[in-house]
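Sequence positions in the sequence shown follow mature numbering (1 follows the signal peptide of the UniProt record, and there is no 0) and run -19 to -1, 1 to 301. Some notes on the structure that comes next.
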Amino acid sequence: MRTNHTACVLLLFLRCAEVTPFGILPEFRPNLPPRHVNGRAKTTHPFSSPHRNGKSDTPSVNIKRNNFLDAQAENNVDYVYGVNSVSSVLVKNERTIHSVLVNEHIRLNKKTRKQAYQYIFDTIKKRNIPIRTTSKKKMDDLVGGFPHNDIIMETTYRTMKKAKHFLKDYPQKEKRSNIYICLHDIDTPVLHSSVGTSEFLDFFHVNNMLTFMDDLKSCGFKILSTCCHPNDSIPNDRLQELANVQMNKNEKIFIILGNETKGLSKEILEKSDICIYINGHRTEVAPTPDLNHNGEFTLDSLNVNNACAILLHHFTSHSS
């Protein structure tokens, strides 16, 4: 759940402590970079765009989000944000929560979030978790522009068990499910897009995927890997369109999803029992015919969330 990049998040000082819906709370004061004589923070990133108020330069949204994710890994801190995600962390009660940052103008009576806010702040108060307030702008800066619903939680990372524990534990879980998912080389943003659901999933870390696949097969698992079609590196007897793949209710299925950019390695695909592709039914005219001799192209690569949803829907709807 961590990234390997190195960067930092640029933050600004906030004004003094003030009276809020939670009483008088201490101000939030992060460490700051050197400032210009005019009081503005120094901007050194080469890719910047004018801020909407026209008073300062700020990195683009994507760069800010990447910097936010990098800073988490560098500081060994996980920022959980959004009502659903924060509620899930409190319900699971697995992480150590350092503090909670709240928008100074948060609307606790907002109809769509009133009940969730009540649970969150009642639980925070009960557990004596420190609360700090700040402006929405500075909260946006802290999490790189990700939607936070006026609340951000600073916590430890979740711990992942080793793969050997999965092989030991799955017989107890088999009564509840016989489909297991492996996200190969998937980064942190996928967890942030899960809106709290990932808190209730068990995570296991695999060091050597090929060895782990051998262990799975020895335990009776059928391994399905995802790929794009056509793929010359995959034997024809293993390559199948998803619509033609059926599973028995008694089968133990292990599905491996690859990175959206690189996909799965040739070695993983060759060791899989079946390599699945999702057939794209739309064929578009190439926007730059000079670069495409066929003049047409088919979009057959989906993001991990969509691909996983399609696979699970298929197997849960067509099991025999």
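For each residue, glycine too, the CB sits at the ideal point set by N, CA and C. Keep in mind that this is a model prediction, so the values were computed, not measured.
Continuous alpha helix (DSSP H) stretch holding residue i: start and end
i	result
tyrosine 249	Correcting the residue identity first, residue 249 is isoleucine in this sequence and not tyrosine. 247 to 252 is the span of the alpha helix (DSSP H), which, as asked, contains isoleucine 249.
serine 206	Segment 202 to 207 is the beta strand (DSSP E) holding serine 206; no alpha helix (DSSP H) there.
serine 80	No alpha helix (DSSP H) holds serine 80; the beta strand (DSSP E) holding it covers 78 to 84.
leucine 164	Where leucine 164 is concerned, there is no enclosing alpha helix (DSSP H), although the beta strand (DSSP E) it sits in stretches over 160 to 164.
methionine 134	First-last for methionine 134: 132 to 136, but that is the beta strand (DSSP E), not the alpha helix (DSSP H).
threonine 114	Note, threonine 114: premise wrong, no alpha helix (DSSP H); beta strand (DSSP E) at 112 to 115.
Helix, strand or coil at residue i according to DSSP, with G and I counted as helix
i	result
glutamate 222	strand
leucine 292	helix
phenylalanine 259	Going by the sequence as given, residue 259 is isoleucine instead of phenylalanine. Reduced to three states, the DSSP call for isoleucine 259 is coil.
asparagine 240	strand
phenylalanine 235	strand
isoleucine 105	helix
proline 31	The predicted model places proline 31 with a pLDDT of 34, which falls under 50 and marks its position as unreliable, so this point remains unresolved.
histidine 186	strand
Of the listed residues the options, nearest to residue i (C-alpha basis)
i	options	result
residue 304	Leu182, Lys243, Asp166, Ser66	A question about residue 304 goes unanswered here, because the residues of the chain that appear run from -19 up to 301.
methionine 194	Asn260, Leu182, Lys107, Ser253	Ser253
histidine 186	Glu248, Ile160, Thr140	Thr140
threonine 136	Met228, Val81, Asn231, Ser199	Val81
tyrosine 62	Leu164, Phe296, Gly125, Cys209	Gly125
valine 70	Gly201, Gln221, Ser179	Ser179
aspartate 183	Leu164, Ser246, Lys247	Leu164
leucine 197	Ile249, Met228, Leu148	Leu148
Exposure of residue i, with buried meaning 16 or more beta-carbon neighbours within 10 Å
i	result
alanine 290	exposed
glycine 239	buried
histidine 129	buried
asparagine 284	exposed
leucine 123	buried
asparagine 102	For the sequence presented, residue 102 should be read as phenylalanine rather than asparagine. That one is buried.
Inter-residue Cα distance where the pair is residue i and residue j
i	j	result
residue 345	leucine 205	There is no way to answer for residue 345, as the model of the chain reaches only from -19 to 301.
cysteine 234	isoleucine 257	The residue asked about is misnamed: residue 234 is isoleucine in this sequence, not cysteine. Their Cα atoms are separated by approximately 13 angstroms.
valine 64	aspartate 166	28 angstroms
lysine 73	lysine 107	15 angstroms
residue 308	histidine 79	A question about residue 308 goes unanswered here, because the residues of the chain that appear run from -19 up to 301.
isoleucine 132	histidine 146	34 angstroms
arginine 33	tyrosine 161	For arginine 33, the predicted structure reports a pLDDT of 38, less than 50, and the residue's modelled location is therefore unreliable. A value from the coordinates is still provided. Whole-angstrom Cα-Cα distance: 45 angstroms.
Where the beta strand (DSSP E) containing residue i begins and where it ends
i	result
valine 61	59 to 62
phenylalanine 181	Careful: phenylalanine 181 lies outside any beta strand (DSSP E) and carries neither H nor E.
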